[in-house]
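The numbering used here puts the first residue of the sequence shown at 231, with every later residue one more than the last. Think of the CB as a built atom: it goes at the ideal place given N, C-alpha and C, for glycine as much as any other residue. In what follows, a single structure is set out as structure tokens and then discussed.
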Amino acid sequence: DFFFADPPVLILILTGLRLIFGNNLIFYQALPIILEAGTSVLLFVILKKENIKLFFIAPLIYLFSFSILATSDYLTGAQFSIFFSILGILLWKIKKPFLSGVFWAMSFLVKIYFLPAFLGFLIYIVLEKNHKNTLKFILGVATLIFAIMTPFIIISFPELIKYLIIHHFNRP
């Protein structure tokens, strides 16, 4: 029973971090703050690149928003998903479509409820009509999904469908 409601990517990331940082409790308690700070820096870079005059205000608004202040003291996985999706946007803006696709896939493979945001971004890039970069983006998404989900599909495809898809429709 390795699935509950999301793909196992959050567990894989935390396992990788444990190999690097060990059982350092302070690091894991600071991780949501580090991710939120990283997201605000990415917002700053994106808006500055777009020549938005008040680019420096967005990170402050983001960091001091109620949801960030309320959830930055514990790791839910949403912090990783937000960070990965904003990094995906930045990578798209700097013409790295494959890597953008990889990080967008990471965002919804950490928390499946980021799938609508991904689909919205996909519609946006399709409407840009840059078919070569859109194809590279989709290839990045497919590569990561294949690399991470194939073992779980092979091991237990019916359980994968049950926990990742049907579960969300049966919640109260």
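E358 sits exposed, since fewer than 16 C-beta atoms from the chains shown fall within 10 Å of its C-beta. Counted as a single uninterrupted DSSP element, the stretch harbouring E280 is not any alpha helix (DSSP H), since DSSP gives it neither H nor E. For the 8 Å CB-CB criterion, S297 and V340 do not form a contact. Of the residues assessed, Y354 falls on the exposed side of the cut-off, its CB having fewer than 16 other CB atoms within 10 angstroms. Pairing F257 with T306, the inter-Cα distance amounts to about 15 Å.
The DSSP-derived three-state label of I324 is coil. Of the candidates I263, F286 and S295, the residue whose Cα lies closest to the Cα of D303 is I263. In this structure, DSSP gives S330 a helical state, which the three-state scheme calls helix. With fewer than 16 other beta carbons inside 10 angstroms of its own, F294 counts as exposed.
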